[in-house]
Amino acid sequence: LEVFKGYNLIATFGGDAHYGGYREVDGIHNICLHSMGWWEWDKITGSYAKILVTLEKVLVYGEGAQPSYFLKIRSFC
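Numbering-wise, this note's numbering puts 33 at position 33 of the sequence shown, and it's gapless, one number per residue.
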């Protein structure tokens, strides 16, 4: 996550990790979204997220296997 140092970021998003993940480093929320799905016998799994960013928070509303996150944004003042 060193590549993000020096930038005015509140969050980063990546994707397609089979189990997703979250880590906060230096006040920056780093979210890896769950994979969109895979095939299992007689069904197809799936997941997605709706993301809302406000002045105070980042809201990740997960569906399927994707967890939800409700994250506060640090103050820059």
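In this text, a Cβ means the ideal position worked out from N, Cα and C, and glycines have one as well.
Please read these numbers as outputs of a predicted model, since none were measured by experiment.
On a Cα-Cα basis, can you pick out the residue from 47, 2, 27 that is closest to residue 16?
47
Buried versus exposed, by CB contacts within 10 Å (16 or more), residue 29:
buried
Using the C-alpha atoms, what's the distance from residue 68 back to residue 32?
12 Å
Cβ-based burial, residue 18 [other Cβ within 10 Å; buried from 16]
Of the residues assessed, residue 18 falls on the exposed side of the cut-off, its CB having fewer than 16 other CB atoms within 10 angstroms.
Which whole-angstrom value describes the C-beta separation of residue 62 and residue 49, a residue pair presumed to lie in contact below a C-beta threshold of 8 Å?
With a Cβ gap of about 5 Å, residue 62 and residue 49 count as contacting.
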